[in-house]
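Visitor: In our numbering, the protein residues as written are 1 to 92.
Note that beta-carbon positions come from the ideal geometry of N, C-alpha and C, so glycine has one too.
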């Protein structure tokens, strides 16, 4: 056998098998990532009622997002007339 000749593999199916496993793994990872990312942002209306937000002009106090979105005018009126603490208490 000469120096530059390549040896033939005794198992010619090994290369395609490795390629198939790598492709299947990549597809599985991509499908898993798509599934996980597609779940972000899904939410029922019932879940949004329990969500909170930082109240405007309260210094970071948490209030109910559902109550605020239902009547923001009342929140700002209470905040202006009675102060931020009263507004936070009314919208918890």
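Comparing C-alpha positions only, which one of 66, 82, 81 and 80 sits nearest to residue 91?
Guide: 66
Visitor: Exposed or buried, residue 87, counting other C-beta atoms within 10 Å across all chains shown (16 or more means buried)?
Guide: Counting of Cβ neighbours within 10 angstroms places residue 87 among the buried residues, the total reaching 16 or more.
Visitor: So, helix, strand or coil for residue 58, using DSSP?
Guide: DSSP, reduced to helix, strand and coil, places residue 58 outside both helices and strands of the structure shown, so it counts as coil.
Visitor: The alpha helix (DSSP H) spanning residue 72 covers which residue range?
Guide: Per DSSP, the continuous alpha helix (DSSP H) segment holding residue 72 begins and ends at 72 to 82.
Visitor: If I'm right that residue 53 touches residue 40 with Cβ under 8 Å, what's the distance once you round it to whole angstroms?
Guide: The pair is not a contact, with the Cβ atoms about 19 Å apart (cut-off 8 Å).
Visitor: With H, G and I counted as helix, E and B as strand and the rest as coil, what does DSSP make of residue 18?
Guide: helix
Visitor: How big is the Cα-Cα spacing for residue 56 and residue 32?
Guide: 39 Å
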